[in-house]
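Numbering (the working numbering), first residue to last: 71 to 338.
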Amino acid sequence: MQQTVPMLSIGLMALSVVLAIGTPIVLAVLCCRGRKGTFTEIMVGAAGFFVGALVLEQFCHALVFRFFPNLAQNPVAYCLYACLAAGFFEETARLLGLNWLCKQDSSPMAGLAYGVGHGGFEAINIGFGGLMSNLSLMMMINGGQAASLLESVSEEQRQAAQAQLDALCTSQPITFLAGGVERVITLAFHIALSMIVWMVVTGRIPRWGYFVAVGIHALADVAAVLYQLHFITSVWLTEALIFVFTAVVCYGVVQMLKKQGVACPIKR
């Protein structure tokens, strides 16, 4: 019997793609209205994520796992390393990027636009690289191309490919909305962290605020790493933990900005 993917699963996966790609684009358009230089700030944010997370952090991972190949077998050490590495590389890139931007314009929009670029690049990268790929696979399965997909991979990869196809066909449809929801939450988180680092760069809070940002970033990744290690088995519990943590961080940042008299820089 030919496997098929429920149409509801396809619809919710498509919605995830729209959320992941569309949300940062809408925010970028709102930020750019009536202000010169914002597009550059967004692009610097995107470059910060690319260099910090996709180049330097991945290079560090390659070195660490080369010298400590069994690191993933120690959950505590692996979780500590993975979370701190993400926090260090991304927040250092954020610090350097905002430090450069604020020499030209130290307004709150610089921090907000950087956050949109940083988190938006990650969201769009995952939207196209992961979510869109799964959506294409779903369409191919329902088009009767599952057998040809399996034939196109090597014998060693076939079992893993079959497991991926089975998961797309048998998972609860609501599961496929999680990717898009997570991208929206994470985008808000990146904007909040960017405003923290912006306050550091502009002297509104002490320099140790950078280390606070690294720690907050590391803590935010704990739930995702525990899910990856199968200590947390529910994707929605993972998303709930990430959402609650992000909401607390965003609330704290908003209160800090209010105390400093910093209003929302996006024009209504």
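Glycine included, every Cβ here is placed at the ideal spot set by N, Cα and C. A quick note: this is a predicted structure, and the numbers were derived from the prediction, not measured.
- Annotation for alanine 123: no alpha helix (DSSP H) segment contains it, and DSSP assigns it neither H nor E.
- Counted as a single uninterrupted DSSP element, the stretch harbouring proline 276 is not any alpha helix (DSSP H), since DSSP gives it neither H nor E.
- By a beta-carbon distance limit of 8 Å, isoleucine 255 contacts phenylalanine 313. Their separation comes to about 5 Å.
- In this structure the segment 103-115 touches the segment 169-181; the number of beta carbon pairs closer than 8 Å is three or more.
- Of all alpha-carbon atoms in Ala333, Val99, Ala288 and Thr316, the one lying nearest the alpha-carbon of glycine 157 is that of Ala288.
- Spatial neighbours of leucine 82 in its own chain (CB-CB distance under 6 Å, excluding positions within 5 residues in sequence) are listed in chain order as Pro243, Phe246 and Leu247.
- Just so you know, the alpha carbons of leucine 207 and leucine 235 end up roughly 8 Å apart.
- Within the same chain, Cβ atoms closer than 7 Å to the Cβ of leucine 257 are found at Thr93, Pro94, Gly189, Gly190 and Ala193, the five residues on either side in sequence being excluded.
- Annotation: asparagine 144 to arginine 277 spans about 33 Å, alpha carbon to alpha carbon.
- Your pair glutamine 73 and cysteine 239 checks out as a contact, with CB atoms roughly 5 Å apart and the cut at 8 Å.
- Counting along the chain, no alpha helix (DSSP H) covers threonine 272, and no H or E run does either.
- Here cysteine 101 is near alanine 183, since their CB atoms are less than 9 Å apart.
- Rounded to whole angstroms, the Cβ separation of leucine 165 and tyrosine 280 is 5 Å, and the two are in contact under 8 Å.
- Around the beta carbon of glutamate 226, a 10 Å sphere encloses fewer than 16 other beta carbons of the protein chains shown; the residue is thus reported as exposed.
- Taking C-alpha positions only, serine 304 is separated from glutamate 160 by approximately 27 Å.
- Between threonine 272 and alanine 293, the C-beta spacing is not below 9 Å.
- Measuring C-alpha to C-alpha distances from leucine 133 to each of Val323, Ala155, Arg274 and Val121 identifies Ala155 as the nearest.
- The C-beta distance from valine 75 to asparagine 195 rounds to 24 Å, too long to fall under 8 Å, and the pair is not in contact.
- Alanine 290 is positioned such that its CB atom lies closer than 9 Å to that of threonine 316.
- Taking 9 Å as the cut-off, the beta carbon of proline 178 is found closer than this to the beta carbon of alanine 333.
- With contacts defined as CB atoms closer than 9 Å, leucine 201 and glycine 249 qualify as a contacting pair.
- Less than 9 Å divides the Cβ of valine 186 from the Cβ of isoleucine 261.
- For threonine 162, the enclosing alpha helix (DSSP H) covers residues 145-174.
- The criterion of a C-beta distance shorter than 9 Å is satisfied by leucine 205 and isoleucine 80.
- Only residues of its own chain outside the window of five on either side were considered, and among them Ser79 have a CB closer than 8 Å to the CB of serine 241, listed in chain order.
- By the neighbour-count criterion, in which a residue is buried when 16 or more other Cβ atoms sit within 10 angstroms of its Cβ, glycine 122 is buried.
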